[in-house]
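Counting in the numbering used here, the first sequence runs from 930 upward without gaps.
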Amino acid sequence: MSETLNPTNLSVILYRAFGPQGWWPLPSRGGQARYDSRGYHPGVYGLPNDPEGIWEVCCGSVLTQNTAWTNVETALLKLSCAGVRSPAAYLSLERDERRALIRSTGYYNQKEEKLAALATFLLEHPEGTPSRDLLLGLRGVGPETADSMLLYAWHCPQFVVDAYTIRVYSRTGLIPTLELPANPSKRYEHVCKFITSRLSIPEKVPIVHWYQEYHALLVRLAKDFCRSRPLCGTCPLQAYCPKLQD
DNA sequence: GCCCAGGAGCATA
DNA sequence: TATGCTCATGGG
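Below is the structure:
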């Protein structure tokens, strides 16, 4: 091992390996100015910058719960093609129409209700950034979903923890597994504080950009290498990670 | 056919 | 507080 891993240099190593990730993707804008074919916008921050984009990010954060993003892409494209580009448009549909549009993401009965609650909330709060507590009060919005919306839709400096984050931090030994609380909610807050309290971000870099990039890079690593069955042989962390497998 | 995917809510003990 | 179950489609 060449260098001891810590939360800060991990993000630097991943950025060097993968480059900017262009999150949060907006599939409906694939190919438009500043977006690549699948709606990513690498190196371009400050997006989304309009209500339709905010709605699409919020939708995506609910639809991707325990679901592969490719299935969410399908649903977001269907919603957009059907003209559902706002909370009001969503609420104007019949339940069965909503379910049909998001079917590809699975759990579509539950998610239809979650999106209805979200849409109603957004209509009641058309401006400004909602508080984390308000978002957490919505049916179907837990800590990861709330933080994803805050960080990517509203550009708040709120770090996002997901299953991939915990997997990578556990396997690399960055966080002692024994210290992880069993309670999911406590575990989330524990990991979030653990990471953010140890991050040293250069003054010239906005915290929001760093948080966005870091989360996206952890997902990239976990999807491509640190899978449930890991591909350690070609992993960019090979020189740093104590858990060599395969 | 099996495993997995960017969670959250609820019942039960 | 902790654990287990449920929700469901689609790709590898």
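C-beta atoms are modelled at their ideal positions from N, C-alpha and C, and glycine is treated no differently.
Excluding five sequence positions before and after THR1101, the CB atoms of its chain that fall closer than 8 Å to its own CB belong to LEU934, LEU939, LEU1166, TYR1169, CYS1170, PRO1171 and LYS1172, given in chain order.
Under the three-state reduction of DSSP output, GLU1056 falls in the coil class, being neither helix nor strand. Contact between the region 1143-1157 and the region 945-956 is present, with at least three C-beta pairs closer than 8 Å.
Put simply, the backbone Cα of ALA1018 is about 14 Å away from that of PRO1055.
In this structure, DSSP gives HIS1084 a state outside helix and strand, which the three-state scheme calls coil.
Between the alpha carbons of SER1157 and THR996 lies a distance of about 15 Å.
Exposed is the label assigned to GLY1066, since fewer than 16 other Cβ atoms lie within 10 Å of its Cβ. Scanning GLY960, ILE1124 and PRO980 for the CA closest to the CA of TYR1098 turns up ILE1124. Within the same chain, GLU1041 come within 7 Å of ARG1024 by CB-CB distance, once the 5 residues on both sides are set aside.
Where HIS1138 is concerned, the enclosing alpha helix (DSSP H) starts and stops at 1136-1153. If you look at GLU1073, you'll find it in the alpha helix (DSSP H) that goes 1072-1077.
Taking SER1129 as the centre and dropping the five residues before and after it, the same chain places the C-beta of THR937 closer than 8 Å to its C-beta, in chain order. DSSP, reduced to helix, strand and coil, places HIS1119 within a helical segment of the structure shown. GLY1035 has its alpha-carbon roughly 23 Å from the corresponding atom of GLY982.
The beta carbon of VAL1001 lies closer than 6 Å to those of GLY989, LEU992, THR993 and THR1034 in the same chain, with the five residues before and after it left out. For CYS988, the enclosing alpha helix (DSSP H) stretches over residues 980-992.
Setting aside the 5 residues that flank it on each side, SER966 is surrounded in the same chain by GLY959 and GLY960, each with a C-beta closer than 8 Å to its C-beta; the list follows chain order. Sequence-distant partners of LYS1043 (beyond 5 residues in either direction) whose C-beta falls short of 7 Å from its own C-beta, in its chain, are VAL991, ARG1068 and GLY1069.
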